[in-house]
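Peer 1: I have a structure here, written as structure tokens, and I will follow up with some questions on it.
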Amino acid sequence: MSPLTVVLIPFLGAALIALAGDRSRLRDSLGWITAILFFIGVASQLGPVLEGAGRSQQVWEILPGLELAFAVEPLGMGFALLAATLWLAATPYAIGYMGAMGYTHLGRFFALYAIALGAAAGIAFSANLLTMFVFYEVLSLSTYPLVAHDGTEKAKRGARVYISLLLVTSIGLMLPAIIWTWQAAGTQDFVAGGILDGRVSPAAGAFLLVLFMFGTGKAALMPFHRWLPSAMVAPTPVSALLHAVAVVKAGVFVVLKLALYVFGLDYLKTLATADFMLYVAAFTLLAASLVALRQDNLKARLAYSTVSQLSYIAVGALLAHQVAAIGGGMHMVMHGFGKITLFFCAGAIYVATRKTEVSQLDGIGRRMPVTMFAFLLGALCVIGLPPTGGLWSKWHLVMGAYEAGHAPIMVVFMISTLLNIAYLLPPVIRAFLLPPRDGDSGGIREAPMLCVVPLLLTALGGVALFVLGEKSFDLLSLIFS
Amino acid sequence: MNIVEWLPFSVLVPLIAAPVCALLPGRVLPWLLAFLSALAALLITAIALPVLWQGEVSYPFGNWPPPIGIEYRIDAANGMVALLVAAIAAFVLPWARIINNQEVPERQGIFYALFLMAFAGLMGITLTGDVFNVFVFLEISSLSTYALIAHGWDRRALLASFRYLIMGTVGATFLLIGIGFLYMMTGTLNMADLAERLPEVRDTTAVRAALAFIIVGLGLKLALFPLHLWLPNAYAYAPNFISTFIAATATKVALYVMLRFVFTVFAPDYSFVALPLSAVLMALGIAGMFAGSWVAMFQDNLKRMLAYSSVAQIGYMVLAISMVTSLGVAAGLLHLFNHALMKAALFMALGTVFYQTGSVQIHRLRGIGRQMPWTMTAFALAGLSLIGVPLTAGFISKWYLILAALQADLAWLIPLILITSLMAIYYIWRVVEAAWFLEPPDHSEPVSEAPAALLIPLWVMVALNFYFGIDTRLTVGAAEAAARALTGVAP
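The listed protein sequences correspond, in order, to chains A and B.
Number 443 in my numbering belongs to position 443 of the first sequence; there are no gaps in the numbering.
Number 526 in my numbering belongs to position 45 of the second sequence; there are no gaps in the numbering.
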């Protein structure tokens, strides 16, 4: 399949799903078919990439030098595979969750869900800055109604923060940076090794880096991170697939892509603001962990944890070292599996018990052992402990920091890992080791199977990545071959 | 007889049809005649346009050789504007029939006759090569437009029309004084002839005054900030069909005439030297961009909001032209074309909303997005084009504007362009939020979606906004050919 076809599958699926509307059986089967076809399409791109010749395709030249084009390269392949795989897991979960919670307007919901995935694939496969920007905005706009899906005042307020931060950063900072880059470099294509070296003055390059990094609002670097906790008013399937995977990973993917293909690691290292941005990311990493520690609401805690983990990946890019960049790319995948599991669990707990706060979780492990076991695995994956894939990504990030000679960053990583443990394990400890507070002892009562099975699968996926760690390293190291 | 000799008929057909139309009874026949005239004008200009890209064409009226007789001199620049005017008329009229039946139920023969006069006037201004003829057609179109605006459903339309009449007449008088000075100094009214004779007398006060009078007069007509005061009310209270048509065409034609005077008649090496025109236009353009966008952000009446947005968009065009480069002129003309498409679509969407609800006040349109999803989605999509999102026509305009700014070493304009784009996001966003995210007013009656006869032309216009955002060969090609024709340099 050509990259364009893969990107179009979810868009076509979305149109059909919207037409299916409230006919739930037809709509759900269309959702399944779209997700499966999309996965097959993405997987079919893997072979050529591994052979070192990812497919590329020019779609349309809008103006001379300004064209829509796709090119599949290892990093984008990793992102697209992650999104496609987790969409398969999220499809049953979303159907089960939205059904169990009695939501309405599901035709619109699932159509926009599919569009968001198509936009993520568009970002993953984009061959130049314009194509990336177009799909980046499609992703922002299509997820906005999903955040506001509850329809309550709170949901609307959250959604407004969400969309305004994402639009203002992308149009106010990223778009000027893209235009500037295009003007200075004479091209807006992604080229391995970068296009800016020698084309702009050192000051301009340093300024561009700041514009690009803060302009990528989806990467949630402080102080532009507020949209992520705000987006947590969304129904859990949205928080799980979009705000733990597609949207935020699109953000850090763009950061990595810019570092590797626009600046180039060697040039990035020389920029005056590289260290500044690195420490902004490191600060975000620690500060968000500290905030997460103080959140009692489970989803809010996970949201701040996401802000923190995204900065691991940004740090990976900004260390400007090959191993760190690969570690960042790996963490994109590992954290995706871990965090989606955690969100799935939070949703399952809510569906089964209507509990939202960490302090309410005492003894819940007796009632929902499968869910809480999966939560444990997901937490381990995010923290970076065996037997999960998270170990490998953090391993490479720390190694990258060491080899790049940034000792303080290593310290930051270590402290943050301790903080991760401190905010992710208490829910599990409360669930299994403390007695239920309200004397609840009604035996095992899990959420519906459609919710439990997917979260178990993604948790086991995190474990499988422990075994497959080398494969993902090999895929990403193709970037530098 | 080749197609180029047919070109004058794109003016003559509506002009001749107008008195016939006034005599036609009922509602169907006047509309049909107006539509067929517009269609004929569109076909003629569309077929002739490729020929005009090659070079300019002259048509002497009554075979009196210029400069004695009146000459139509048509190149890529006015060919493009004429195509735009005819296309807007032909695409808006199918939508307007039902709208007008509601808003102007009686004496439609007269109404459409006035429309045809306004339309013929605009086509005439565009195609003629004679400066006095420009004035005559300007008056034909303006007088009929005043009458058309007064047809609005709201009594305030009368005041708006009167205000426009006063300001418009001042503008036309200034233009006439300028033309008079030129005739006094050169003894000719033919544009090409003027261009040849003016260099001899260019250092006189009279010619400088002529230029100043013409610029101010046309500035009034094209609603150049701060001469825009007539525009918001005229757009807001006119019948929706007229709002749509004049928002998409009238100011554009005035801008074209200004370009023609500045670049062809006076030549840029005079216009921009004799007066500090570049600096003035740039300052006014930027001021218009900000003032228009700023005021638009707080309008309750959405038609007024779009009107102020037009003031801002005219600012972009004037800004592009003030760079006095071929690329700048191309960017200005490109935005002229694209802006007509977006404003036509936006005004059509609002007209459709008015048809169903009887209001365009934002507080009365809360929750309308759920009741009229197709109409409001069309509004939102056309809004994206106004903002300048990639894949829309608006993006192409802004991209060229930025290119022109970079080429002219005016990179500091880019942040200004982006800030006003963010302001556009805000004022479009307000509508989207009111339409979809606010609860309808308590005592409101349920509203149903508009009939397909309104939705189809509306969506065609929206689709054009996207089409010209993706396939830019026609618009960019025409704008570049037009800039070449005006400045003599390829962009």
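Where is the CB? At the ideal position from N, CA and C, for every residue including glycine.
Predicted, not measured: the structure shown is a model, and the values here were computed from it.
1. Since B/Leu595 is in the alpha helix (DSSP H), which residue starts that stretch and which ends it?
2. Which residues in the same chain have their Cβ closer than 7 Å to the Cβ of B/Met823, if we skip the five residues on either side of it in sequence?
3. Considering only DSSP beta bridges, list what B/Ile555 is partnered with.
4. Thinking C-beta only, is A/Phe214 closer than 8 Å to A/Leu173?
5. Helix, strand or coil, according to DSSP, for A/Phe70 in the structure here?
6. Going straight from the alpha carbon of A/Thr356 to that of B/Ala638, what length do you get?
7. Straight-line CA distance for A/Phe432 to A/Arg367?
8. Using only alpha-carbon positions, find the residue among B/Pro495, B/Phe860, B/Leu967 that is nearest to B/Ala748.
9. Name the DSSP beta bridge partners of A/Glu61, please?
10. Three-state secondary structure (DSSP) at A/Ser567?
11. What is the DSSP secondary structure of B/Asp611, reduced to helix, strand or coil?
12. Suppose contacts are defined by Cβ-Cβ distances below 8 Å. Is B/Met561 in contact with B/Leu814 by that definition?
13. Can you list the residues of chain B that A/Pro176 reaches, using a CB-CB cut of under 8 Å?
14. Just to confirm, are A/Leu290 and A/Leu397 a CB contact at a threshold of 8 Å?
15. For A/Ile429, count the other beta carbons within 10 Å of its own beta carbon; 16 or more makes it buried, fewer makes it exposed. Which is it?
16. Applying a beta-carbon distance threshold of less than 7 Å, which residues of chain B neighbour A/Leu167?
17. From the beta carbon of B/Leu872, is the nearest beta carbon of chain A less than 8 Å away?
18. Using a Cβ cut-off of 8 Å (strictly closer), state whether B/Ile849 contacts chain A.
19. For a cutoff of 8 Å on Cβ pairs, would you count B/Ser974 as touching chain A?
20. Please state whether the Cβ-Cβ distance between B/Ala821 and B/Leu565 is less than 8 Å.
21. Only counting the same chain, and skipping five residues up and downstream in sequence, which positions put a Cβ closer than 7 Å to that of A/Gly193?
22. Which chain A residues sit within Cβ distance under 8 Å of B/Ile883?
23. Under 7 Å Cβ-Cβ, which residues of chain A neighbour B/Ile843?
24. Consult DSSP for A/Ser305 and reduce its assignment to one of helix, strand or coil.
25. Does the pairing of the region 291-302 of chain A with the region 204-214 of chain A give three or more beta-carbon distances under 8 Å?
26. Residues of the region 42-73 of chain A in Cβ contact with chain B at a cutoff of 8 Å, in chain order, please.
27. Relative to the alpha-carbon of A/Glu73, which residue among A/Ala121, A/Ile36, A/Ala114, A/Asp28 has its alpha-carbon at the smallest distance?
28. Could you name the residues that DSSP lists as bridge partners for A/Ser56?
29. Would you tell me roughly how many angstroms separate the C-alpha atoms of B/Lys784 and B/Ala717, rounded to the nearest one?
30. Taking beta-carbon pairs under 7 Å, can you tell me which members of the region 904-938 of chain B lie near chain A?
31. For the putative contact between B/Gly796 and B/Gly832, defined by C-beta atoms under 8 Å, what is the C-beta separation to the nearest angstrom?
32. Return yes when the Cβ of A/Ala18 is within less than 8 Å of the Cβ of A/Gly118, no when it is not.
33. By DSSP, does B/Asp674 sit in helix, in strand, or in coil?
34. Would you mind telling me which residues of chain B sit closer than 9 Å to A/Phe133, beta carbon to beta carbon, in chain order?
35. Should the region 383-400 of chain A be regarded as contacting the region 345-360 of chain A, the criterion being three or more beta carbon pairs within less than 8 Å?
36. Give me the Cα-Cα distance between B/Phe613 and B/Ile658, rounded to the nearest whole angstrom.
Peer 2: Reading it off the structure:
1. Boundaries of the alpha helix (DSSP H) harbouring B/Leu595: 589-608, taken from the DSSP string.
2. Scanning its chain for C-beta atoms nearer than 7 Å, with the 5 sequence neighbours on each side dropped, one finds around B/Met823 the residues Ala863, Ser866, Leu867, Ala874, Gly875, Asn946, in chain order.
3. According to DSSP, residue pairing for B/Ile555 in a beta bridge involves B/Val538.
4. Remark: C-beta atoms of A/Leu173 and A/Phe214 approach each other more closely than 8 Å.
5. In the three-state scheme derived from DSSP, where H, G and I count as helix and E and B as strand, A/Phe70 is classed as strand.
6. A/Thr356 and B/Ala638 have their alpha carbons spaced roughly 57 Å apart.
7. When only Cα atoms are considered, A/Phe432 and A/Arg367 end up about 10 Å apart.
8. Nearest Cα to B/Ala748 within the set B/Pro495, B/Phe860, B/Leu967: B/Leu967.
9. Answer is A/Glu67, bridged to A/Glu61.
10. Residue numbering for chain A in the displayed model covers 1 to 481; residue 567 of chain A lies beyond these limits and cannot be assessed.
11. Of the three classes helix, strand and coil, the one that applies to B/Asp611 here is strand, per DSSP.
12. Result yes, Cβ atoms of B/Met561 and B/Leu814 sit closer than 8 Å.
13. Result: Ile895, Pro896, Leu899.
14. Their beta carbons are not under 8 Å apart, which means A/Leu290 does not touch A/Leu397 by this criterion.
15. Using a 10 angstroms sphere on the CB of A/Ile429, the tally of other CB atoms stays under 16, which defines it as exposed.
16. Within chain B, the residues whose beta carbon sits less than 7 Å from that of A/Leu167 are Ile906, listed in sequence order.
17. Output row for B/Leu872: interface = yes.
18. So no, B/Ile849 is outside the interface.
19. There is no way to answer for residue 974 of chain B, as the model of chain B reaches only from 482 to 972.
20. Taking C-beta atoms as the reference points, B/Ala821 and B/Leu565 count as a pair closer than 8 Å.
21. Non-local C-beta neighbours of A/Gly193 in its own chain, meaning closer than 7 Å and more than five positions away in sequence, comprise Gly264, ordered along the chain.
22. Within chain A, the C-beta atoms nearer than 8 Å to that of B/Ile883 come from Ile179, in chain order.
23. Under the 7 Å cutoff, chain A gives no residues; its nearest Cβ is about 17 Å from B/Ile843.
24. Helix.
25. The region 291-302 of chain A, when compared against the region 204-214 of chain A, does not touch it at the 8 Å Cβ threshold.
26. Under the 8 Å Cβ criterion, the region 42-73 of chain A contributes Trp60, Ile62, Leu63, Leu66.
27. Nearest option by C-alpha distance: A/Ala121.
28. Looking at the DSSP assignment, A/Ser56 forms a beta bridge with A/Ala71.
29. Each residue's alpha carbon lies about 5 Å from the other.
30. Cβ proximity to chain A below 7 Å picks out Ile906, Phe918 from the region 904-938 of chain B.
31. No, B/Gly796 and B/Gly832 are not in contact; Cβ-Cβ is about 25 Å, not under 8 Å.
32. Against a cut-off of 8 Å, the Cβ pair of A/Ala18 and A/Gly118 comes out as no contact.
33. DSSP places B/Asp674 in helix when its eight states are reduced to three.
34. Within chain B, the residues near A/Phe133 are Pro871.
35. In this structure the region 383-400 of chain A does not lie against the region 345-360 of chain A, because fewer than three pairs of beta carbons, one per stretch, are closer than 8 Å.
36. One C-alpha to the other measures close to 11 Å.
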